[in-house]
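Presented below is the structure to which this report refers.
Number of protein chains: 2
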Amino acid sequence: MSGDGKGDAVVPVLLSGGSGTRLWPVSRTSLPKQFWPLVSPRSMIEETVRRALGPGFAPPMVVCNEAHRFMVAEELLRAGVEGARIVLEPVGRNSAPAIGAAALLAAERNPDAVLWMMAADAAIADVPALHRALAAAVAAARQGLVVTFGMRPTAPETGYGYIEQGEPLPGLPGVCALARFIEKPDAAAAATLAASGRHLWNSGMFVFTAGTLLAEMERHAPEVLPALREAVAKRSEDRDFIRLEAEAFARVPSISLDYAVAERTGRAAVVPADLGWSDVGSWGALWELGAKDADGNVTVGDVLLEGASGCYVRSDGVLTAVVGLSDAVVVVTDDAVLAMHRDRAQDVKKIVDRLCAAGRPEAVKHLRSPLPRQGDDKA
Amino acid sequence: MSGDGKGDAVVPVLLSGGSGTRLWPVSRTSLPKQFWPLVSPRSMIEETVRRALGPGFAPPMVVCNEAHRFMVAEELLRAGVEGARIVLEPVGRNSAPAIGAAALLAAERNPDAVLWMMAADAAIADVPALHRALAAAVAAARQGLVVTFGMRPTAPETGYGYIEQGEPLPGLPGVCALARFIEKPDAAAAATLAASGRHLWNSGMFVFTAGTLLAEMERHAPEVLPALREAVAKRSEDRDFIRLEAEAFARVPSISLDYAVAERTGRAAVVPADLGWSDVGSWGALWELGAKDADGNVTVGDVLLEGASGCYVRSDGVLTAVVGLSDAVVVVTDDAVLAMHRDRAQDVKKIVDRLCAAGRPEAVKHLRSPLPRQGDDKA
Chain A
1 MSGDGKGDAV VPVLLSGGSG TRLWPVSRTS LPKQFWPLVS PRSMIEETVR
51 RALGPGFAPP MVVCNEAHRF MVAEELLRAG VEGARIVLEP VGRNSAPAIG
101 AAALLAAERN PDAVLWMMAA DAAIADVPAL HRALAAAVAA ARQGLVVTFG
151 MRPTAPETGY GYIEQGEPLP GLPGVCALAR FIEKPDAAAA ATLAASGRHL
201 WNSGMFVFTA GTLLAEMERH APEVLPALRE AVAKRSEDRD FIRLEAEAFA
251 RVPSISLDYA VAERTGRAAV VPADLGWSDV GSWGALWELG AKDADGNVTV
301 GDVLLEGASG CYVRSDGVLT AVVGLSDAVV VVTDDAVLAM HRDRAQDVKK
351 IVDRLCAAGR PEAVKHLRSP LPRQGDDKA
Chain B
1 MSGDGKGDAV VPVLLSGGSG TRLWPVSRTS LPKQFWPLVS PRSMIEETVR
51 RALGPGFAPP MVVCNEAHRF MVAEELLRAG VEGARIVLEP VGRNSAPAIG
101 AAALLAAERN PDAVLWMMAA DAAIADVPAL HRALAAAVAA ARQGLVVTFG
151 MRPTAPETGY GYIEQGEPLP GLPGVCALAR FIEKPDAAAA ATLAASGRHL
201 WNSGMFVFTA GTLLAEMERH APEVLPALRE AVAKRSEDRD FIRLEAEAFA
251 RVPSISLDYA VAERTGRAAV VPADLGWSDV GSWGALWELG AKDADGNVTV
301 GDVLLEGASG CYVRSDGVLT AVVGLSDAVV VVTDDAVLAM HRDRAQDVKK
351 IVDRLCAAGR PEAVKHLRSP LPRQGDDKA
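Chains A and B supply the protein sequences, listed in that same order. Just so you know, we're using this note's numbering here: the first sequence kicks off at 1 and counts up by one. Just so you know, we're using this note's numbering here: the second sequence kicks off at 1 and counts up by one.
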């Protein structure tokens, strides 16, 4: 995004809190999907940061799990970022406290700072379109709106929440009123929503000023702010990291921004857009995103196919051969193998749950160094 | 088999020449399937040797690839065998030279010695039935017949050759004339053969005296014997191994016993039997042989299933999860993974061929120690 000439640069705020277990065995709690090169040779988080660099952008803030701090810092280095603020959560408290902390920190410098909140682990194919949508959103945010991005549906997805789009807002090109949020639908409802022409996927990206967010949070989720303010006030800060104070932060209720603010505020707006966006929430999504051979297969790494079709096959480890399977997912790491029908991609969680129940370390961490950077030349 | 009181003990001759590439990635040229615990916690060759131990049996002879000599010796030790003769082939020359060499060596001691020739890598479920069939075959062999075992078909297999059974031979209970050998059929022909009631699978097991075999070889495949006799005469022999002389053995034509003798001799007979026999020629065969769960899955090793049915899943390496696949084969070793539709089990060879063409070591050897003995508690 180029500078808009209207004032301060936009502050990207990346929330890096997910554990990504639906992408097991690659993604695990100790090394979740944002750190893996899944859609490109770069990690998801590096790609996300790179979409928010350049004129018009302030250095990003990243809110992450304490345990991931060095991996986040390393990815920011790789992206060439200077001056980022890495905010460490002592415990996970969902998105409202995470973005609230970022807003409090930003407001100390400038309450009118425009924050662009995004997940660290989504994919966006059309970056110029993203930056056009962002410019529209920033203009609306400067007028005090809480602006989300609504993705025009390309399929009747049941894995996303939906947004009903209202009338265009006068004087704000590309921005519409937001009629309502709709929970993740069942298949029949998703088909209706996707075909309606006025329903959009809820991308979870938002733009607002720090002041607007905090005011709306004060109004609609006042229980969040007292302990959060205390955790920010009592933070410890060194050259690399900002540590929210643990005891106070633990008292902050765990609540999503959608629930705390977005679904309640009277200031909601939406920018409808076609960005080639995906939350990369399953191996099936990675198959959708991948470059396919003539038989509809996507392969990553040391893979041989023979009579396979519609498969996603990824090896971050040993030689992997797939023969005569259709619509399968085969994912190989150094310490686990998953072979699955692509339609069952949501059931990976059942395997992870069983591994957790059995106390298996493969549920949460890689037993050998997965060295994801060595995947660069494979992805 | 108990002693039959008619003279010398039966000499088991195990041919251990196969490379078993259809069971890649477990079986490879350098460590083929006979050395793996595939059907039981014991290796295939140990199981085979154990079926030929006890009263009535002389110590076995094993004809094997020079490169496999210590593994063969180790498996014989594990089986508790004393006094075995391990005959090393400098190069592979198919089954006629292998059994011919064993016959020449046995005939030096006793031309009337009864040899029981068998592959080292087949499975037989019903050992008492095997020993009953063997007793019938031995009686016929002592009358100068070349006796094979014909397995009553349990399915229209296209992977086996067939034998047409003739009339029962008078005075030899359980032994029939052998009308003809039939090459591996196509699916339609296999269905006809399997349903006919008079066609049997060709097991490749034979019983004959050393003298009978050599006389029939002289008559029907005379080109085999001169160089073979020379290779045996010039052998070097130490405490553990008998090494056939390389230069002479290299001049022996490569030819199967079926082609050299069995299909040509006028002395052929067959013992029809139900032994639960399998040549374990594919992963599909191992699925057939394995103990199945309620959904028809066979698992070996560190395997988790979720909504799988009709699958064969084996890990000799890392944790392996299979979700929502039907009729699949998933085989995991330390340096390769195969995921395949069970109906495509014959296509493994295509993968191995491609790996060979690419100079990939995984085609022929294990990159890390596969430690098959550690599989004992998994199989």
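Note that the Cβ used here is the ideal one computed from N, Cα and C, for glycine as well. As the structure is a computational prediction, the values presented were derived from the model and not from experiment.
1) Cβ closer than 7 Å: which chain A residues qualify as neighbours of R344(B)?
2) Would you please verify whether the beta carbon of D274(A) is less than 8 Å from any beta carbon of chain B?
3) Would you kindly work out how many angstroms separate the C-alpha atoms of H199(B) and D258(B), rounded to a whole number?
4) Got a sec: is the Cβ-Cβ distance from R354(B) to anything in chain A below 8 Å?
5) What does a CB cutoff of less than 6 Å around A227(A) pick up in its chain, not counting 5 residues either side in sequence?
6) When the cut-off is 8 Å and only beta carbons count, does T209(A) lie next to chain B?
7) Would a C-beta distance cut-off of 8 Å place M151(A) and V13(A) closer than the cut-off?
8) Anyone know if the C-beta pair for D316(A) and P272(A) falls short of 8 Å?
9) Can we say the stretch 215-227 of chain A touches the stretch 289-298 of chain A, given the rule of at least three CB pairs closer than 8 Å?
10) Quick check on D121(A): buried or exposed, where buried means 16 or more other Cβ atoms within 10 Å of its Cβ?
11) So for R239(B), helix, strand or coil by DSSP?
12) So the alpha helix (DSSP H) D316(B) belongs to, where does it begin and stop?
13) May I have the straight-line CA-CA distance separating L225(A) from N297(B), to the nearest angstrom?
14) State the Cα-Cα distance for the pair L319(B) and K349(A), rounded to the nearest angstrom.
15) Taking the beta carbon of G375(A) as the centre, do at least 16 other beta carbons fall within 10 Å, making it buried, or is it exposed?
16) Determine the contact status of I255(B) and L88(B), defining contact as a CB-CB distance below 8 Å.
17) What does K350(B) touch in chain A if you count any residue whose Cβ is under 9 Å from its own?
18) Sort L244(A), H131(A) and I182(A) by Cα distance to P55(A) and report the nearest one.
19) Pull up the CB-CB distance for A52(B) and T148(B), whole angstroms please, since I reckon it's below 8 Å.
20) Near G324(A), what residues of its chain come up, given a Cβ to Cβ distance below 8 Å and the 5 sequence neighbours on each side ignored?
21) Taking 8 Å as the CB-CB limit, is V63(B) close to chain A?
22) Going along the chain, which residues of the stretch 266-296 of chain B sit with their C-beta nearer than 9 Å to a C-beta in chain A?
23) Taking 8 Å as the cut-off, does the stretch 179-197 of chain A touch the stretch 157-165 of chain A (at least 3 CB pairs, one atom from each stretch)?
24) List the residues of chain A whose Cβ lies closer than 9 Å to the Cβ of V232(B), in chain order.
25) What does the alpha-carbon distance come out to for the pair M71(B) and D353(B)?
26) Considering only the alpha carbon of each residue, which of R93(B), G92(B) and L76(B) lies closest to R85(B)?
27) Would you say L130(B) faces chain A, with C-beta separation under 8 Å as the test?
28) Give a yes or no on whether the minimum CB-CB distance between V252(A) and chain B is below 8 Å.
29) Are L275(B) and A141(B) close, meaning C-beta to C-beta below 8 Å?
30) Do we get a CB-CB distance below 8 Å when we pair T320(B) with the residues of chain A?
31) Taking just the CA atoms, how far does P25(B) sit from A336(A)?
32) Run down chain B in chain order and give the residues with a C-beta less than 7 Å from the C-beta of E362(A).
33) Say whether chain B places a C-beta atom closer than 8 Å to the C-beta of D347(A).
34) Relative to the alpha-carbon of N65(B), which residue among Q34(B), P361(B) and V91(B) has its alpha-carbon at the smallest distance?
35) Give the single residue among V49(A), G171(A) and V261(A) whose Cα lies nearest to the Cα of E74(A).
36) In this structure, how does DSSP classify K196(A) when only helix, strand and coil are distinguished?
Quick answer:
1) The contacting residues are G307, V323 and G324.
2) Residue contact check for D274(A) against chain B: no CB pair falls below 8 Å.
3) Rounded to the nearest whole angstrom, the C-alpha separation of H199(B) and D258(B) is 17 Å.
4) Taking Cβ atoms only, chain A reaches closer than 8 Å to R354(B), which makes this a yes.
5) Here the set comprises A248, R251 and V252.
6) It does not: the Cβ of T209(A) has no partner Cβ on chain B nearer than 8 Å.
7) Taking 8 Å as the cut-off, the beta carbon of M151(A) is found no closer than this to the beta carbon of V13(A).
8) The answer is no: Cβ separation not under 8 Å.
9) Under the Cβ criterion (8 Å, minimum of three pairs), the stretch 215-227 of chain A does not count as touching the stretch 289-298 of chain A.
10) Buried is the call here.
11) The answer is coil: DSSP assigns R239(B) none of H, G, I, E or B.
12) Going by DSSP, D316(B) is part of no alpha helix (DSSP H) but of the beta strand (DSSP E) stretching over Y312 to V323.
13) Those two C-alpha atoms are separated by around 54 Å.
14) In a straight line, the C-alpha of L319(B) is about 16 Å away from that of K349(A).
15) Confidence is the limiting factor: at G375(A) the pLDDT is only 42, short of 50, which leaves the residue's position unreliable and the question unanswerable from this model.
16) Cβ atoms of I255(B) and L88(B): not closer than 8 Å.
17) Neighbours of K350(B) across chain A, judged by C-beta separation under 9 Å: E306, G307 and V323.
18) Checked all of L244(A), H131(A) and I182(A); the closest Cα to P55(A) is H131(A).
19) Distance from A52(B) to T148(B) at the Cβ level is roughly 17 Å; contact not present, criterion being Cβ atoms closer than 8 Å.
20) So the qualifying residues of the chain are E306, G307 and A308.
21) Chain A contact via Cβ: absent.
22) So the list is empty, because no residue satisfies the distance condition.
23) Yes, they touch.
24) Chain A residues near V232(B): none, gap ~42 Å exceeds 9 Å.
25) Answer to the nearest angstrom: the Cα atoms are 25 Å apart.
26) The option with the nearest alpha carbon to R85(B) is L76(B).
27) Chain A contact via Cβ: absent.
28) V252(A) does not count as touching chain B.
29) Not closer than 8 Å, so no.
30) Taking Cβ atoms only, chain A reaches closer than 8 Å to T320(B), which makes this a yes.
31) Going by the C-alpha atoms only, they are around 16 Å apart.
32) Result: L319.
33) At least one chain B Cβ lies under 8 Å of D347(A).
34) Of the candidates Q34(B), P361(B) and V91(B), the one whose C-alpha sits nearest the C-alpha of N65(B) is V91(B).
35) Of V49(A), G171(A) and V261(A), the residue nearest in Cα terms is V49(A).
36) Checking the sequence, you will find Ser at residue 196(A) rather than Lys. S196(A) falls in the helix class under three-state DSSP.
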